[in-house]
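Beneath this line is the structure, given in structure tokens, with notes to follow.
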Amino acid sequence: MNKKDKVYIDPFEDIGYAKVDLHRAKRKGFPEVVFCQGKTKKQVLTIAAKICKANETVLLTRVTPDVGRALKRKFPKGKYHPDAKIFHTGKGLPKVGLISVLSGGTADIPVAEEAAVTAEVMGSRVERIYDVGVAGVHRLLAFRERIEKSRVMIVVAGMDGVLPSVAGGLFSRPIIAVPTSIGYGLSLQGITPLLTMLNSCAPGVAVVNIDNGFGAGYIASTINRL
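Following this line, the structure appears as structure tokens:
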């Protein structure tokens, strides 16, 4: 290969079990996020340290309390969010705009919190409005004026998963729908609400994977910051 054929490779650090992306913040506007589930404590701490050296902010998801304590010892200024199972350290981005995060029920809050905290760390102001599911739709309507101030909505629901469609019929904001694995038998660990949301007849509703609060928070914050 001669010089003019040389391919530029974005910098990353090869530590064997991981290729840590040190250039993602420049490409995407936010550093690589660490998904901790399935990783050892040592792997999580090492990857986080590598990212921290190259960036002001580190965000980790699916963090167990044990790993959270280890991260707190490593990064004393960091914060662990037990409901969201998120740990982050650094300044984060300046807060702009507004995202409303709605949950159908109280049991959906852990997924909703993963979305909310992700969006906050990524530089979005967030309003949480929880337990406003369709079994008592008047609860949702009571917050209509507050919701209409937002630029983007994240709507989290299990069971039948209808709440994003109802919200899509009431509000003009783009909606990121998040199905959760909460529910009885034929909710099929989130497949039923996922299919309901994918088949929504309300325009302006996009859907992420089951229990993927992080994905919803990331997309919503990206939209909010446009």
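Residues 77 to 302 in the working numbering are what the sequence shown spells out, letter by letter.
Ideal Cβ positions, reconstructed from N, Cα and C, are used throughout, including at glycine.
Exclusion of the five residues before and after alanine 195 leaves Ile175, Val202, Gly293, Ala296 and Ser297 as the residues of its chain whose Cβ lies within less than 6 Å of its Cβ. When the beta-carbon positions are compared, alanine 233 and tyrosine 206 stay at least 9 Å from each other. The way I'd put it, the region 163 to 170 does touch the region 143 to 155; three or more beta-carbon pairs between them come closer than 8 Å. Counting only runs of 4 or more residues that sit fully inside the region 93 to 155, the alpha helix (DSSP H) segments are 100 to 104, 117 to 130 and 141 to 150, in chain order. Each residue's CA atom was taken as its position, placing cysteine 277 and arginine 149 some 48 Å apart. In this structure lysine 95 is exposed. Its beta-carbon is surrounded by fewer than 16 other beta-carbon atoms within 10 angstroms. Here leucine 262 is exposed, its C-beta having fewer than 16 other C-beta atoms within 10 Å. For the 9 Å CB-CB criterion, lysine 126 and valine 143 do not form a contact.
With contacts defined by Cβ atoms closer than 9 Å, cysteine 112 and threonine 140 form a contacting pair. Rounded to the nearest whole angstrom, the C-alpha separation of alanine 101 and asparagine 131 is 8 Å. The three-state reading of DSSP puts arginine 222 in helix, counting H, G and I together. Annotation for valine 228: the continuous beta strand (DSSP E) segment containing it runs 228 to 233. In the three-state DSSP reduction, isoleucine 258 falls in the coil class, being neither helix nor strand. The beta carbon of glycine 280 sits closer than 8 Å to the beta carbons of Gly244, Ser248, Arg249, Pro250 and Ile251 from its chain, once the five residues preceding and following it are set aside; these are given in chain order. DSSP places glycine 181 outside both helix and strand once states are collapsed to three, so it counts as coil. Sequence-distant partners of aspartate 159 (beyond 5 residues in either direction) whose C-beta falls short of 8 Å from its own C-beta, in its chain, are Ile185, Pro186 and Glu189. Segment contact: the region 253 to 273 against the region 213 to 227, fewer than three CB-CB distances shorter than 8 Å; contact not assigned. Restricting attention to Ile123, Gly237, Arg204 and Val210, the CA atom closest to the CA of valine 228 is found in Arg204. Per DSSP, the continuous alpha helix (DSSP H) segment holding arginine 215 begins and ends at 214 to 217.
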